[in-house]
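Heads up: the structure comes next, in structure tokens.
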Amino acid sequence: MPSSDMSFDPSFAVAVDIGGTFTDISLMDRVSGAVWRAKTASVPSDPSQAFMTGVNMVLEQAGISAQELSGVLHGTTVATNMILEGKGARTALVTTRGFRHVLEIGRQDIPRHANLFTWVKPARPVPADRIHEVDERIGTGGHVLHELDESSVTALVEKLRAQQVEAVAICLLHAYANPGHEKQVARLLRAALPDVAITCSTDVLPVVREFERSLATVLNANVMPGVSTYISRLENRLAEAKASSPLLLMQSNGGVAGTEAIRTAPALTALSGPAAGVVGAVDEAASCGIKDIITVDIGGTSADICLIRDGQVNLTQQGKVGEWPLSLPMVDMVTIGAGGGSIAAVANNTLSVGPNSAGARPGPAAYGHGGVEATVTDAHVTLGNLPHALLGGAMSLDVDAAKAAVTNNVARPLGLTPEDAARGILAIMNNNMVGAVRTVSVERGHDPRDFTLVPFGGAGPLHGCALAELLGIRQVMIPSAPGLLCAAGLLAADMKAEFTRALPMPGPVDQDAGDKILSELTQDAVTWMEHEGIAPDQRSLQARALMRFHGQGGEIALDWGSTAQETEARFRDAHTALYGFILDAPIELVTLRIEAVGKTEPVDSPMLAKTDLPEPLQFQKVIWAEGVVETPIYDRAELGAEAVIKGPAILTQLDTTAIIAPGWVATVHPSGAVLLTKETT
Amino acid sequence: MNKPSRLSEKALCDPVSLEIIRGAIAAAQSEMEALIERTAISAFIREKKDFYTALFDGNGTMAVGSMVPIFGDMTRPVLEKFPMETMQEGDVYWYNDCYGSYGAISHSNDQVLLAPVFRDGRVCAFVMSWAHFADIGGLRPGSISPDATDIFQEGVMIPVTKMIEAGHVNQAVLDIFHRNSRYPDQSEGDMRALMASVELGVRRVGEILDRFGPDVTEDALAQLLERTRNLVRDKMAETFDYGTHSFTDAIDTDGHGNGPFHMRFSLTREKGADGQDRFAFDARDSDDQAPGPVNYLMNKGVPGMALGLFYLGGDPSQVCNAGGPNALDEVLFRKGSFLQPEYPAPLGLRGLTAMRMISAMCGLLNAGGGEAPAANSAYVVNIMRGTYRTKSGALEPYLLADGIGVGYGARATADGIDAVYFVAQENYPVEFLEAGYPVTMRSYGIVADSGGAGRYRGGCGIVREYEILAEETMVAIRIDSVKNPPWGIHGGKSGRHGIAIVNPGTPQELRLDPLSDGNMLKRGDILRIETGGGGGYGHPFDRPAETVLQDVLSGFVTADAARAEYGVVVSEDAIDVPATNALRAKRPETRRFYRQEYVDALV
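Order-wise, the sequence lines are chains A and B.
The first sequence begins at 25 in the numbering used here and counts up by one.
The second sequence begins at 47 in the numbering used here and counts up by one.
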């Protein structure tokens, strides 16, 4: 049973973020705001092992026992990796008679930017021989055209057994308007196949369009047994350690939820990790009084970019995981294949960077693990942007190998100096990211110059100033622990769940009918909140409407008003803001939603004391566009509040390195974040 | 037309900026597309996604296009009528005039909006958005009918027109246009979406020009153009030896009792006087124009665009631009042929001819010794218009133009694509269709055995079975390649053709003419459409038995066909190895092409 008490007093919460290489752990005393952090190598074969190792590390640091934990928060890539690597459960799909090839046909298109002569349709996550039809038919509006023939379901049982299926997805036509038949099929299959994980489309994505819904259901079923086993392992390890606090998992929507909700809809965790980072960035920006930010999370192979206005994280239902559209609510971010390990290559006299990556092994040439290709990190090393010995002495960089990689792969083929080649690699990398920032900002009607750039992840703070210059952004915030922001985000995250219903038929706003649906959804939401033990004063519910002009394909989400006129006016305003025009056409309400939130109280973190500006650790030659400068390197841990450092300078800390470019000034905020501003000339 | 290579001189735009500009223009194009998709009103655009965008340099040469070999030279018709020096900032030009644009667009439903981008007081670039409008008047709802006999029956024609002059909209011309549509609200909404997308494109390209300067940007586009042109010419020289290479393909009919219509393509490579290779494309021997609307007014840029796309392959670092068309030194058509018809011949169904053109280009490449795909089937369209009874009992008109995917040709290293319509064009989901139109779908699936047998199987077609809920409806069907099925190559066999049947399996069963209009159906009728598959590639006996088994279990190949075509015996969901070995020991002889029989050449 999940705990019924979520009050945080006295209150130690631990957050565990498992990445491909490292597992990051943060323990926070929510009363004092004190934080203990640890990092341990991930164990891909059994991530729960590193999970518990890390939890024990921080418990020891803080000198407390597992019993004293009041919350265990976790961001996981288990579901994502199973989808990307095709290693989920052996899954079958049950569909309506006549529609067995729903996945094979998909939307019957060759993708817009693919080549019709060479494109190969990707293999579906469930092959057609494991897609089975049942006799039933629901029509538009949810009307039953043919009752379910139960014998066609029982006839499947032997087939499913023979196919050694571990999970079954059920997606019947128009189930979003009437889930009756899906529930009936699920009941029959559960009774006959008790060991098989079973998912109905209406439990995952109750919205119109059968291909996208089938796919989401299949992916959910696919990861269900794996995620469930994984959660059980975590719970067992926590139980062994006598921790009785609830385990909460990060979802793609930036909120956490209890294990029961995640077991039902594990696909909700597909973007768990990146979402946690965004929440962490929002939280730290708030402690500096900043509400409008653009986050750039740069890791080894990819970068996630997200825009947050007025402290509100936007969600999208048009996300993708790998090749597949996954129409579940996710933090609206753009991911591009550009990171510190991205490989720069020249073909046809053209320099390109990424999407290929040197990965963790061999990694960049500078890491000395035998990498010979030129990566973004090698470009930084060539220019002197990274201290030659990383702090803590854990690792020293092979400067010669980095230069050789840049020279051989880029400089020589293009006839450039190694320094110009390195600058070129970074220029292209930065430009790729600028494109992604535009996608989340200008394309959605926001001017990036009105925002603070928050670079994080292992490689983010190296690019902050350069990206800001390209975008005309005047302020950059480097979080206090840029490499550990996901764990920080877990500690700051609210609990979240959405309760959605598509209208049987889209149409004009009917206030009474809408209110009625919303009150039913509200009941579901309250039941969930009680189950999760969310205290009444931490609860909030928001009614949202998804609307469009009659005929349009995309909906805009907005707050439900107290009258139809009010809601429709909000829609028209939102359409104008997004697209610059409105139509003289009927407005349709498509979907209603209750967004339920259990607020996590903000914690007053301890403030940094003021200290004198420390001496630099050392000086290093850095090749800036303006010329070579003996550039000071500061240890960030020695910087006190209100310390001011004029660029050029380098800040080094355990989890990352930040560049203060010439023309920029860094000021340490009492919260620990560093604010960079462009000097006015 | 061919500028001297700039790569030898000191280029203005360095390789790094070049890559950045390439990325920036591609991003601008994506933004324009996303805006259309989100805001357009008609199902044709926002659900089926029949729209494309492109950017052009200051001369009007295409700098980045869409990945479809159907574009022509979009700017020439505008520049002929509105010379560069008369253009102003904030202008937007518009046309759908096929003959007036030399086939830049090739049926009147496609509306082109083109806007100049100014910097330093001169035109430095153009942006374009283009979309298929659901109804622009004409003989029948949807403006496209197999019954059409001239272009006047295919809707209102807009010669090149200044829709917006320096920011002032010519509302009268828009009003006239929308008034000519049976669905003016859709017309208006879609036009707003197109206008907003070119405005966005102008802003984005302007930002690129500000950032890099017009000269560097211009040089970058010139370099990208040159890069594509050189790549296409180098690869053409690898495929085609000196001499003339020919291939002939055909469409069945024009729907008026005429046909087949042969397209006869040849490519000649010779040494020019300057010692450089000369490549000439010649389609003059193609058959005379058709009375029915299957004529394809082929722009001179199209053959080079098709060759360019083939040679660019899926390489993301290459740009689909006018370098493909520029790679050909000469393109020859004959006026009065069905690829260059005389005004006012009807053009509405040119899509099926364009699809056959793509397979004929593949045939030409194969005839020259290249490794191009086998023939694709031509996508199928089912247009229904009629009346249905609303809940209140009133009769309402409706129009449904349902594009149905087909199988594409197998490749040297991969199966043909199953069940796709075209690049970027999506289906109407069943749940969407039933909510908006008076039909119930009885099935939507893969047609087993429709893909041509081969080491690599041709893509399979689709079955879509509708129950008519309208009181009455008139159906236009567009299915080609019944008499001339998509050919296979190197031992691969033909794809199967499509078919349209009313009330199948009943005494009232009626097989519809594959290219016909005026088919009257009433409430309760069943319409079953099966579309064709693509040709196969390589000997079917070389297809691994396990792969054939998977095809059988997944409903792509029947057990009977596995035995007859592939020599694989499947019994009880498993391979019968001895029986398979025995069958495969008797390996049939093959020849180079297969269309209903093995032949050495299709000429």
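The C-beta atom is built at its ideal place from N, Cα and C for all residues, glycine as well.
Note that the coordinates shown come from a computational prediction; the quantities given were computed from them, not determined experimentally.
Consult DSSP for Gly-496(A) and reduce its assignment to one of helix, strand or coil.
The residue you call residue 496(A) lines up with position 472 of the first sequence. Gly-496(A) falls in the coil class under three-state DSSP.
Mind listing which residues of the region 431–456 of chain A have their C-beta closer than 7 Å to chain B's C-betas, in chain order?
Listed by position, the residues of the region 431–456 of chain A near chain B (Cβ gap below 7 Å) are Leu-438, Gly-448, Ala-451, Ile-452, Asn-455, Asn-456.
Please determine, among Gly-696(A), Glu-612(A), Thr-591(A), the residue with the shortest C-alpha to C-alpha distance to Asp-628(A).
For the purposes of this step, residue 628(A) is taken as the residue at position 604 of the first sequence. Asp-628(A) has its Cα closest to that of Gly-696(A), out of Gly-696(A), Glu-612(A), Thr-591(A).
In three-state DSSP terms, what is His-156(A)?
Walking along the first sequence from the start, residue 156(A) turns up at place 132. In the structure shown, His-156(A) sits in a strand (DSSP, three-state: E or B).
Quick test of your reading: Thr-263(B) and Leu-255(B), contact by CB under 8 Å. State the CB separation rounded to the nearest angstrom.
Residue 263(B) sits at position 217 when you count from the first residue of the second sequence. Residue 255(B) sits at position 209 when you count from the first residue of the second sequence. With 8 Å as the limit, Thr-263(B) and Leu-255(B) qualify as a contact, their Cβ atoms being about 5 Å apart.
I need the straight-line Cα distance from Asp-143(B) to Ala-460(B), nearest angstrom please.
In the second sequence, residue 143(B) corresponds to position 97, counting from 1. In the second sequence, residue 460(B) corresponds to position 414, counting from 1. Answer to the nearest angstrom: the Cα atoms are 39 Å apart.
With 16 as the cutoff for other CB atoms within 10 Å, does Ala-113(A) come out buried or exposed?
Locating residue 113(A) in the first sequence gives position 89, where the first residue counts as 1. Buried.
Does DSSP classify Leu-118(A) as helix, strand or coil?
For this step, residue 118(A) is matched to residue 94 along the first sequence. With the sequence shown as reference, residue 118(A) is identified as Val, and Leu is not the correct amino acid for it. In the structure shown, Val-118(A) sits in a strand (DSSP, three-state: E or B).
Going by beta-carbon coordinates alone, are Cys-195(A) and Leu-699(A) separated by less than 8 Å?
For this step, residue 195(A) is matched to residue 171 along the first sequence. For this step, residue 699(A) is matched to residue 675 along the first sequence. Cβ distance not < 8 Å, so Cys-195(A) and Leu-699(A) don't count as in contact.
Could you compute how far the alpha carbon of Glu-480(B) sits from the alpha carbon of Thr-120(A)?
The residue given as residue 480(B) occupies position 434 in the second sequence. The residue given as residue 120(A) occupies position 96 in the first sequence. Their Cα atoms are separated by approximately 15 Å.
For the alpha helix (DSSP H) containing Met-453(A), name the first residue and the last one.
Taking the first sequence and counting its residues from 1, the one referred to as residue 453(A) is at position 429. Note, Met-453(A): alpha helix (DSSP H), 442–464.
Can you check which of these residues, Leu-570(A), Thr-591(A), Ala-90(A), is closest to Ala-581(A) by C-alpha distance?
In the first sequence, the residue the question calls residue 581(A) occupies position 557. Of the candidates Leu-570(A), Thr-591(A), Ala-90(A), the one whose C-alpha sits nearest the C-alpha of Ala-581(A) is Leu-570(A).
Determine the burial state of Glu-284(B): buried for a count of at least 16 other Cβ atoms within 10 Å of its Cβ, exposed for fewer.
As a first step, residue 284(B) is located in the second sequence; it is residue number 238 there, counting from the start. Flag for Glu-284(B) reads exposed.
Provide the residue span of the beta strand (DSSP E) that contains Tyr-139(B), from first to last.
Along the second sequence, one-based indexing puts residue 139(B) at 93. From DSSP, the beta strand (DSSP E) with Tyr-139(B) extends over 138–141.
Can Ala-242(B) and Tyr-200(A) be called in contact, C-beta distance under 8 Å?
Counting from one through the second sequence, the residue named residue 242(B) turns up at place 196. Counting from one through the first sequence, the residue named residue 200(A) turns up at place 176. No, the pair does not count as a contact, with Cβ atoms beyond the cut-off.
Under a Cβ-count criterion, where at least 16 other Cβ atoms within 10 Å of its own Cβ denotes burial, should Phe-468(B) be classed as buried or exposed?
Counting from one through the second sequence, the residue named residue 468(B) turns up at place 422. When all chains shown are included, Phe-468(B) counts as buried.
Looking only at DSSP bridge pairs, what is Ile-42(A) linked to?
To locate residue 42(A), count along the first sequence from 1; it is residue 18. Per DSSP, Thr-47(A).
In chain order, which continuous runs of the beta strand (DSSP E) of length 3 or greater are located wholly inside the region 326–356 of chain A?
Those beta strand (DSSP E) runs which fall completely within the region 326–356 of chain A and span 3+ residues are 327–333, 343–345, 348–350.
Quick check for students: name the residue ranges of the beta strand (DSSP E) that lie wholly in the region 630–657 of chain A, counting only runs of 3 or more.
DSSP runs (the beta strand (DSSP E)) wholly in the region 630–657 of chain A: 642–648.
Output the distance between the C-alpha atoms of Glu-511(B) and Asn-139(A), rounded to the nearest integer angstrom.
Here residue 511(B) refers to the residue found at position 465 of the second sequence. Here residue 139(A) refers to the residue found at position 115 of the first sequence. So the alpha carbons of these two residues sit roughly 30 Å apart.
Taking beta-carbon pairs under 9 Å, can you tell me which members of the region 257–269 of chain A lie near chain B?
Within the region 257–269 of chain A, no residue qualifies.
Which residues in the same chain as Gly-513(A) place their Cβ atom closer than 6 Å to its Cβ, once the five residues preceding and following it in sequence are excluded?
As a working mapping, residue 513(A) is identified with position 489 in the first sequence. Answer for Gly-513(A): Ala-300, Gly-301, Val-303, Gly-304, listed in chain order.
Which residue wins for smallest C-alpha separation from Tyr-474(B), given the options Met-487(B), Gly-462(B), Ile-463(B), Asp-464(B)?
Position 428 of the second sequence, counted from the start, is the residue given in the question as residue 474(B). Comparing Cα-Cα distances from Tyr-474(B) to each of Met-487(B), Gly-462(B), Ile-463(B), Asp-464(B), the minimum goes to Met-487(B).
Assign Phe-708(A) to buried or exposed, taking buried as 16 or more other Cβ atoms, counted over all protein chains shown, within 10 Å of its Cβ.
A question about residue 708(A) goes unanswered here, because the residues of chain A that appear run from 25 up to 705.
Which word fits His-224(B), buried or exposed, when buried means at least 16 other C-beta atoms lie within 10 angstroms of its C-beta?
Against the second sequence, residue 224(B) aligns to sequence position 178. By the neighbour-count rule (16 or more Cβ atoms within 10 Å), His-224(B) is buried.
Relative to the C-alpha of Pro-349(A), which candidate in Leu-239(A), Val-67(A), His-198(A), Phe-75(A) has its C-alpha closest?
Start at 1 with the first residue of the first sequence, and residue 349(A) comes out as number 325. The option with the nearest alpha carbon to Pro-349(A) is Leu-239(A).
Using a beta-carbon distance below 8 Å, is Gly-118(B) in contact with chain A?
As a first step, residue 118(B) is located in the second sequence; it is residue number 72 there, counting from the start. Output row for Gly-118(B): interface = no.
Taking a Cβ distance cut-off of 8 Å, strictly less, list which residues of the region 482–494 of chain B are near chain A, in chain order.
Flagged, chain order: Thr-486, Met-487, Arg-488, Ser-489, Tyr-490, Gly-491, Ile-492.
For Ile-204(B), decide whether its Cβ has a neighbour in chain A, counting only Cβ atoms nearer than 8 Å.
Numbered from its first residue, the second sequence carries residue 204(B) at position 158. Closer than 8 Å: no.
Taking only beta-carbon positions, decide if Tyr-467(B) is within less than 8 Å of chain A.
Along the second sequence, read from residue 1 onward, the residue named residue 467(B) stands at position 421. So, interface residue.
Rounded C-beta distance between Leu-491(A) and Asn-454(A)? I'm assuming under 8 Å.
Residue numbering aside, residue 491(A) sits at position 467 when the first sequence is read from its first letter. Residue numbering aside, residue 454(A) sits at position 430 when the first sequence is read from its first letter. 6 Å between Cβ atoms; contact.
Which same chain residues, not among the five before or five after Leu-53(B), have their C-beta less than 6 Å away from its C-beta?
In the second sequence, the residue the question calls residue 53(B) occupies position 7. Since pLDDT at Leu-53(B) reaches only 43, below the 50 mark, its modelled position is unreliable, and no value is offered.
Measure the C-alpha to C-alpha separation of Ile-222(B) and Ala-451(A) and round it to an integer number of angstroms.
Here residue 222(B) is taken as the residue at index 176 of the second sequence, counted from 1. Here residue 451(A) is taken as the residue at index 427 of the first sequence, counted from 1. Taking the straight line joining both Cα atoms gives about 50 Å.
What are the uninterrupted segments assigned as alpha helix (DSSP H) that are 4 or more residues long and contained completely in the region 330–396 of chain B, given in chain order?
Entirely contained in the region 330–396 of chain B, the alpha helix (DSSP H) runs reaching 4 residues are, in chain order, 348–358, 369–373.
Would you tell me roughly how many angstroms separate the C-alpha atoms of Cys-59(B) and Asp-444(A), rounded to the nearest one?
Position 13 of the second sequence, counted from the start, is the residue given in the question as residue 59(B). Position 420 of the first sequence, counted from the start, is the residue given in the question as residue 444(A). Their Cα atoms are separated by approximately 15 Å.
Helix or strand or just coil, what does DSSP make of Cys-224(A)?
Residue numbering aside, residue 224(A) sits at position 200 when the first sequence is read from its first letter. Cys-224(A): strand per DSSP, three-state reduction.
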